[in-house]
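What follows is a short report on a single structure.
Number of protein chains: 2
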Amino acid sequence: MQHTPSKFLTRLNGVDRAALAALAKARRVPRGEAIFSAGGPGKHVYFLESGKIKICQPSSSGNEIILWFCLPGEIFGLAEVSHGGGRVVSAIACEESLVLSLSQKDFLEFLTAHPEAVMLSMQALSSRLRVLGEMVVNLVSDDANTRIAKLLLRLAARYGKREGSIVHLDVPLTHEEIASMVGTTRQTVTTAIGQFRRQGVLSIENRRIQIESEDLLTEISQAAAQPAKHR
Amino acid sequence: MQHTPSKFLTRLNGVDRAALAALAKARRVPRGEAIFSAGGPGKHVYFLESGKIKICQPSSSGNEIILWFCLPGEIFGLAEVSHGGGRVVSAIACEESLVLSLSQKDFLEFLTAHPEAVMLSMQALSSRLRVLGEMVVNLVSDDANTRIAKLLLRLAARYGKREGSIVHLDVPLTHEEIASMVGTTRQTVTTAIGQFRRQGVLSIENRRIQIESEDLLTEISQAAAQPAKHR
DNA sequence: CTGTGTCTGTCGGCCAGCCGACATTCGGCA
DNA sequence: TGCCGAATGTCGGCTGGCCGACAGACACAG
Chain A
1 MQHTPSKFLT RLNGVDRAAL AALAKARRVP RGEAIFSAGG PGKHVYFLES
51 GKIKICQPSS SGNEIILWFC LPGEIFGLAE VSHGGGRVVS AIACEESLVL
101 SLSQKDFLEF LTAHPEAVML SMQALSSRLR VLGEMVVNLV SDDANTRIAK
151 LLLRLAARYG KREGSIVHLD VPLTHEEIAS MVGTTRQTVT TAIGQFRRQG
201 VLSIENRRIQ IESEDLLTEI SQAAAQPAKH R
Chain B
1 MQHTPSKFLT RLNGVDRAAL AALAKARRVP RGEAIFSAGG PGKHVYFLES
51 GKIKICQPSS SGNEIILWFC LPGEIFGLAE VSHGGGRVVS AIACEESLVL
101 SLSQKDFLEF LTAHPEAVML SMQALSSRLR VLGEMVVNLV SDDANTRIAK
151 LLLRLAARYG KREGSIVHLD VPLTHEEIAS MVGTTRQTVT TAIGQFRRQG
201 VLSIENRRIQ IESEDLLTEI SQAAAQPAKH R
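Residue numbers (our numbering), protein chains in the order written: chain A, 1 to 231; chain B, 1 to 231.
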């Protein structure tokens, strides 16, 4: 259930990291700005030095669905580079960020020169594949409350900062965004979160969610699992 | 919108393919049998020589969600090998199949010895990532009919055999399975497909779906995209 | 500190789609 | 060939959650 964050940069040894940094071009991205956008060419791969990036995919109805958040040390924009074809997702800075970029060509050369990086790349892709698979399963098989609970658990596992038994979710999310991630409406999210808070599962500290009891949340996420059957 | 099937084996050059075949162990799998199951160790990677495999992930409520179908020439079971940790998905033969299996260790050695295979692996992962992303977006943003229409379009693009303007979907799917893939009920799928048939969008030939007009289906899948707004 | 826009919280009405129930048809196997 | 289980088709009743609407509550710029 634990998803290793597969921090590309931090797991690269010093020499290789230096070699990569030498090839890469650094860029400062202010909060809210896109590093790349859906529809664009997709000829670069990126590494997040500092800050936070959200990777979103536009839906046919026009809103952006957040697929995952990218944390410092992670690689992003990789799938399009290896798959070919343009971007289908956008990368948007949640806060001021520092990113390194590398052209497809340079990256491929780097990979041949540094075989360990190959495994790291494949791990990054695999890890995301696993998370997306879990998302799909949740989406098709759970009701709204359960989907919200499971989303919070996933976020806690990947992006939570533990402090005693409390987990601080270090990602900026509006109810609207949560709703778009789990396929429900803003109102339903508000109601569910209010409910969780009243149950003592979580609390809100200046717009950040803090999970008070992961166990209780897990319980909730499994409660409705049995679709009641008869009796 | 087109998803290259990323046929690993067929895109490997002859020499490399022979090398891989030499390392691999072949195995005949009868219809309905699992090559590996969720919860298992995940220390092998597989190639489909002939037949058809479905890759499923169990949901908390017990049923198996089909994530994708594996066609001859494709690699599967790759994500767990590169990511580490056990299987979260199962691979089940839809029909009698011939698979090649390779241990993690042998596969990694093969990759270092045959660099082109690295790109093919990454392409396979990336391609699946893209499809799953599309699935997630559809699931969160579309209503039941639209989800079904889009699923059929995706299946047609990847697994359709074109014959004039008609596309034969060469995958064995019950309404029940379709329902589990798009997060709805068997009855709703039956109704939607009946509707599509009456509209002349598709027809059924001994339990296989044939899409008569991809254009019309595309239209349907986009019609409800605008949530009507006001006016 | 005050205005302005975005975010959160809450309510009632309404409908898509779920659920159970049943009839029918298909296709594979004895 | 006939049988049986699985798959398909159809129907009402019921309800989770969507929608619109509106009222606070922040956050931040000027």
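The beta-carbon is built from N, C-alpha and C at its ideal position, and this holds for glycine as well.
Whole-angstrom C-beta distance between S97 (chain A) and V29 (chain A), which should lie under 8 Å: 5 Å
Check whether the region 112-130 of chain A and the region 119-132 of chain B are in contact - that is, three or more C-beta pairs closer than 8 Å. yes
Ignore the nearest five residues each way along the sequence and tell me which others in T185 (chain B)'s own chain have a CB closer than 6 Å to its CB. A179
Contact criterion: CB-CB distance below 7 Å. Does A79 (chain A) meet it with respect to chain B? yes
Counting along the chain, where does the beta strand (DSSP E) carrying V99 (chain A) start and finish? 90-103
Quick check on the burial criterion: 16 or more other C-beta atoms within 10 angstroms. Buried or exposed for R147 (chain B)? buried
If I'm right that S203 (chain B) touches Q210 (chain B) with Cβ under 8 Å, what's the distance once you round it to whole angstroms? 5 Å
To test your reading of the DSSP string, which unbroken beta strand (DSSP E) runs of 3 or more residues are found completely within the region 128-170 of chain A? 160-163, 166-169
Checking the sheet assignment: what are the DSSP bridge partners for V29 (chain A)? A:S97
Contact with chain A by A44 (chain B), beta-carbon distance below 7 Å: At residue 44 (chain B) the sequence reads His, which differs from the Ala that was named. It does not: the Cβ of H44 (chain B) has no partner Cβ on chain A nearer than 7 Å.
Closer than 8 Å is the cut-off here; do at least three beta carbon pairs connect the region 11-21 of chain B with the region 104-117 of chain B? yes
A192 (chain A) burial status per 10 Å Cβ neighbour count (16 or more: buried): buried
Taking beta-carbon pairs under 8 Å, can you tell me which members of the region 109-135 of chain A lie near chain B? L111, T112, P115, V118, M119, S121, M122, Q123, L125, S126, S127, R128, L129, R130, L132, G133, E134, M135
Throw me the rounded Cβ distance for the L9 (chain B) and F47 (chain B) pair, which I believe falls under 8 Å. 6 Å
With 16 as the cutoff for other CB atoms within 10 Å, does K54 (chain A) come out buried or exposed? buried
Determine the contact status of C94 (chain B) and K52 (chain B), defining contact as a CB-CB distance below 7 Å. yes
Would you say G183 (chain B) reaches chain A, if we count a Cβ-Cβ gap shorter than 7 Å as a contact? yes
Going by C-alpha to C-alpha distance, which of A:I35, A:A79, A:E33, A:T112 sits closest to D16 (chain A)? A:T112
Would V88 (chain A) and A38 (chain A) qualify as a contact pair, given that the criterion is a beta-carbon distance under 7 Å? yes
Quick one: is D215 (chain B) buried, meaning 16 or more other Cβ sit within 10 Å of its Cβ, or exposed? exposed
For chain B, is any of its Cβ atoms less than 7 Å away from the one on S59 (chain A)? yes
Going along the chain, which residues of its own chain have a beta-carbon closer than 6 Å to the beta-carbon of A144 (chain B), five neighbours each way excluded? T184, T188
Looking at V167 (chain A) and A156 (chain A), is the spacing between their C-beta atoms short of 7 Å? yes
List, in order along the chain, the chain A residues whose C-beta lies closer than 7 Å to that of I193 (chain B)? Under the 7 Å cutoff, chain A gives no residues; its nearest Cβ is about 18 Å from I193 (chain B).
Compute the Euclidean distance between the alpha carbons of A223 (chain B) and E80 (chain A), then round it to the nearest angstrom. 29 Å
Where does Q222 (chain A) sit, in a helix, a strand or coil, going by DSSP? helix
Just tell me which of B:G77, B:L153, B:G84, B:N138 has its CA closest to the CA of I92 (chain B). B:G77
With C-beta atoms as the reference, is S90 (chain A) less than 7 Å away from P72 (chain A)? no
Let me see if you follow: with CB-CB separation under 7 Å, is L67 (chain A) close to chain B or not? yes
Taking Cβ to Cβ, would you say K7 (chain B) is nearer than 7 Å to E74 (chain B)? yes
Just the Cα atoms here: how many angstroms apart are R11 (chain B) and L120 (chain B)? 8 Å
With respect to the alpha helix (DSSP H) encompassing H44 (chain A), which residues constitute its N-terminal and C-terminal limits? Note, H44 (chain A): premise wrong, no alpha helix (DSSP H); beta strand (DSSP E) at 44-58.
Determine the extent of the beta strand (DSSP E) in which A34 (chain A) is found, giving its start and end residues. 34-36
Identify the contact partners of S82 (chain A) in chain B, using a Cβ-Cβ distance below 8 Å as the criterion. M119, M122, Q123, L125, S126
To which residues of the same chain is A149 (chain B) closer than 6 Å at the C-beta, ignoring the five residues directly before and after it? L217, I220, S221
Between which two residues does the beta strand (DSSP E) holding Q210 (chain B) run? 208-211
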